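In what follows, a single structure is set out as structure tokens and then discussed.
2 protein chains.
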Amino acid sequence: MSAAIDLITGELDTPFLAVDLDVMERNLASMAGAARARGFALRPHAKTHKCLEIARRQVEHGAAGLTVATVGEAEIFASGGFTDLFIAYPIWAAGGRGNRLRALAERASLRVGIDSEEGAQALAKAVAGADVEALVEIDSGHHRSGVRPGQAAEVATAAARAGLRVVGIFTFPGHGYGPGRRGQAAVDEAGALTEARASMRKAGLEVEVSSGGSTPTAALSDAGALTEIRPGVYVFNDSQQAELGSCDWADIALTAISTVVSSSGRRVVLDAGSKILGADQPAWATGGGRLPDHPDARVVALSEHHATVVLPEDGVSLRPGDVVRVAPNHVCAAVNLADELIVLANGAQQDRWQVAARGANA
Amino acid sequence: MSAAIDLITGELDTPFLAVDLDVMERNLASMAGAARARGFALRPHAKTHKCLEIARRQVEHGAAGLTVATVGEAEIFASGGFTDLFIAYPIWAAGGRGNRLRALAERASLRVGIDSEEGAQALAKAVAGADVEALVEIDSGHHRSGVRPGQAAEVATAAARAGLRVVGIFTFPGHGYGPGRRGQAAVDEAGALTEARASMRKAGLEVEVSSGGSTPTAALSDAGALTEIRPGVYVFNDSQQAELGSCDWADIALTAISTVVSSSGRRVVLDAGSKILGADQPAWATGGGRLPDHPDARVVALSEHHATVVLPEDGVSLRPGDVVRVAPNHVCAAVNLADELIVLANGAQQDRWQVAARGANA
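Right, here's the structure in full:
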């Protein structure tokens, strides 16, 4: 990488987000291969990259379709030619959003999440007549949105009564984002989806789609309980994934290229701050991000345009003007702060990809 | 506000950032009045709002000029007609950035921060011939960038030798961002600037500008030690400022207008997550933001498109479809995630302001 860095930082001022194309391609191939080998449909979550170019590569690698988080993201990927979209979120389909969903359903095969009777009724009213598939969100232990597994049939029945075509269930085992928690989260995911499926069948409702999976748990997902996985972060990986052990430092495909602007002994300040890396920092993280080329360095403080880095006593020294790579803690947050990603391959800039769905929160 | 919310959410899908114009105007007037009364030049930090319309109002209220954090922000405000700009950051002025600084100096009166001999030399080389004023950054206790007060003369002398016109010193008392810390931070700020000024004078260097101030410490800044204050957040305020006691909940001018999408008893999920609020959450914060209209509610978890809110047992209930206001913890981070701000006054939408400098990190 550093050769590439020297090449491009002559032309580009830091900080900026750079994608290592070879590493990204390896990540895409490896997740696609694992899903294929274990019989899962792979529906990558596009909220991580928000780029049409990357979504195309995911489909080339065999993705069954895309997952998105918002109607705005769905609109942008539909305009980019992606016609199989799952909005994995309990959308409140009132007002303008309802009309937008109806218009979307006319140009794409659309799946939408529901987790309440009111939500299902609002959705049914909004898309009446259009062919939209509904999936009931199940809480498998993350305790965010979603209903308890035993309530799946209740919501599904209300949705069917309101006129929706309910095709299955989905969950996000987000409680796997913690040291040593991936295994239990995958077990909880399988258990919750199995119980929800049983509750649906008891009510005479077929479950075609049982969707789960996150980057930390994807490799552990239960092929008996899931038909589909929806990992997002795997395309780039980040410091969180490396610190959780779900990837190696060499698997990190996106970094902020950054310059040392200030130094005092073993403490240096970089020009990459929370306005390019994002401020996500779980309690178990070692800091505000990591330097993949300096694994012993620690980002001890992060402000908007400053990363304060402490270097090990016996390690490399950095001086003002030196250029380094910083891996964000949570890559989805970093990408959503950038207008474009600089694509590097073979030690040189190959391309620039627009972050087409940046800021598409509604 | 809630009347305004009902009016506009017919037209706009949540989540979006809204500015209460009356509250913002009150905040602008009150900080400008306080600075005037205490003899400080007010140079507001535009990184908070990144909007030309708001910068114009700050100048109308008597601001001496603007503070920015990056060359990119300076370029955007210069293009917007603002010709007195201070980049309060130890800029590394090599390569393209050096040329951009030189071009900027030709269309604006430009001040730039320095905190090292190397940085000063790179800056002098980049802007050679152009009229740029340099200010030495002093570390007053935040321990980010900046030199120890006693080293001010050393860096200033090196800068002068390199050909820069050194006009003074600046500091950011960021360690005042903590409960009960504002008073001590203001004392540290005054002490550090006084010591730095003495070190400069001893070396025969005049100090025309002694610049400090942050929103939490502005009201406590020492008129004997400072000539100028640079608060930023005060224009909008945020949950951090209210929890620190540097503003009231009624002084918060920017909120994310958000919809309840999921509920289970006293726990509800809003569609405003970290991709619109930002993920900043200091250890002392009560959660991922606050609901100004429901002061007893707590944002117990924040993910990209979900805010999990726990409502008090004896308080109001919220149901899916209800619309609420969420004040971010750190408003600078939230604004930098939005393309535009919706401006509300007298219970209706008055305007939309473009976040012109969004993402201008370089």
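Residue numbers (this note's numbering), protein chains in the order written: chain A, 1 to 362; chain B, 1001 to 1362. Where a beta carbon is used, it is the ideal one built from N, C-alpha and C, also for glycine. Computed from a prediction, not measured in an experiment: that's the story for all the values here.
query	result
Tell me, please, whether the CB atom of G174(A) is closer than 9 Å to any CB atom in chain B?	yes
Please report the distance separating the alpha-carbon of A301(A) from that of T286(A).	11 Å
At 7 Å on the CB atoms, spell out the chain A contacts of F1016(B), in chain order.	A362
Can you list, in chain order, the residues of its chain with a C-beta nearer than 6 Å to that of V269(A)? Leave out the 5 residues immediately preceding and following it.	V261, S262, H306 and T308
For G39(A), which residues in the same chain have their Cβ closer than 7 Å to its Cβ, ignoring the five residues on either side in sequence?	A223
Which runs of the alpha helix (DSSP H) fall wholly inside the stretch 17-43 of chain A and span at least 4 residues, in chain order?	21-38
Are the CB atoms of D1238(B) and I1257(B) within a distance shorter than 9 Å?	no
With a threshold of 8 Å, are at least 3 pairs of Cβ atoms found where one atom belongs to the stretch 1074-1086 of chain B and the other to the stretch 1101-1117 of chain B?	yes
Which residues, taken in chain order from the stretch 1088-1111 of chain B, show a beta carbon closer than 8 Å to some beta carbon of chain A?	Y1089, P1090, I1091, W1092, A1094, G1095, G1096, R1097 and R1100
Whole-angstrom Cβ separation of G1168(B) and S1116(B), contact assumed at under 8 Å?	At roughly 17 Å, the Cβ-Cβ gap does not stay under 8 Å, so G1168(B) and S1116(B) are not in contact.
Compare the C-beta of T308(A) with all C-beta atoms of chain B and state if any pair is closer than 9 Å.	yes
Would you call the stretch 1276-1290 of chain B and the stretch 1045-1061 of chain B touching, i.e. three or more CB-CB distances under 8 Å?	no
Compare the C-beta of V1127(B) against all C-beta atoms of chain A and say whether one is closer than 9 Å.	no
So T1157(B) is in the alpha helix (DSSP H); what residue range does that whole segment cover?	A1152 to A1162
What does a CB cutoff of less than 8 Å around P1312(B) pick up in its chain, not counting 5 residues either side in sequence?	R1266, D1296 and A1297
Beta-carbon separation of I138(A) and V132(A) under 9 Å?	no
Quick one, which residues of the stretch 144-159 of chain A are near chain B if we go by CB-CB under 7 Å, in chain order?	R144 and S145
So, is P1179(B) buried or exposed, given that buried needs 16 or more other C-beta atoms within 10 angstroms?	exposed
In three-state DSSP terms, what is L234(A)?	In the sequence as presented, Leu is not what sits at residue 234(A); that position holds Tyr. Residue state, collapsed to three classes: helix.
Please give the ranges of any beta strand (DSSP E) in the stretch 92-149 of chain A, keeping only runs that are unbroken, at least 3 residues long and fully inside the region.	109-114 and 132-138
Runs of 3 residues minimum, wholly inside the stretch 1154-1212 of chain B: which ones carry the beta strand (DSSP E) assignment?	1165-1170 and 1209-1212
Which stretch, first to last residue, makes up the alpha helix (DSSP H) that contains Q58(A)?	L52 to E60
Could you please tell me which residues of the stretch 297-322 of chain A, in chain order, have their CB closer than 8 Å to any CB of chain B?	A301, S303, E304, H305, H306, T308, R319, P320 and G321
Quick one: is S1274(B) buried, meaning 16 or more other Cβ sit within 10 Å of its Cβ, or exposed?	buried
In whole angstroms, give me the CA-to-CA distance for S1145(B) and D339(A).	27 Å
Quick one: does S1140(B) have its CB under 9 Å from some CB of chain A?	no
L344(A) bridges to which residues according to DSSP?	D20(A) and Q349(A)
Can you find a CB in chain B that lies within less than 9 Å of the CB of D188(A)?	no
Would L193(A) pass as a contact of L226(A) if the rule is Cβ separation under 9 Å?	yes
Taking G129(A) as the reference, give the member of A152(A), A156(A) and A162(A) with the closest Cα.	A162(A)
Using a C-beta to C-beta distance shorter than 7 Å, which residues of chain A count as neighbours of D1115(B)?	S262
For the alpha helix (DSSP H) holding A1334(B), just list the boundary residues, first then last.	V1331 to V1335
What alpha helix (DSSP H) runs, 4 residues minimum, are completely inside the stretch 209-287 of chain A?	239-244 and 274-277
Distance, Cα to Cα, M1(A) vs D1020(B)?	Low local confidence applies: a pLDDT of 47 at M1(A) is under 50, so the model's placement there is unreliable, with the coordinate-based value given in what follows. Near 47 Å, if we compare the C-alpha coordinates of D1020(B) and M1(A).
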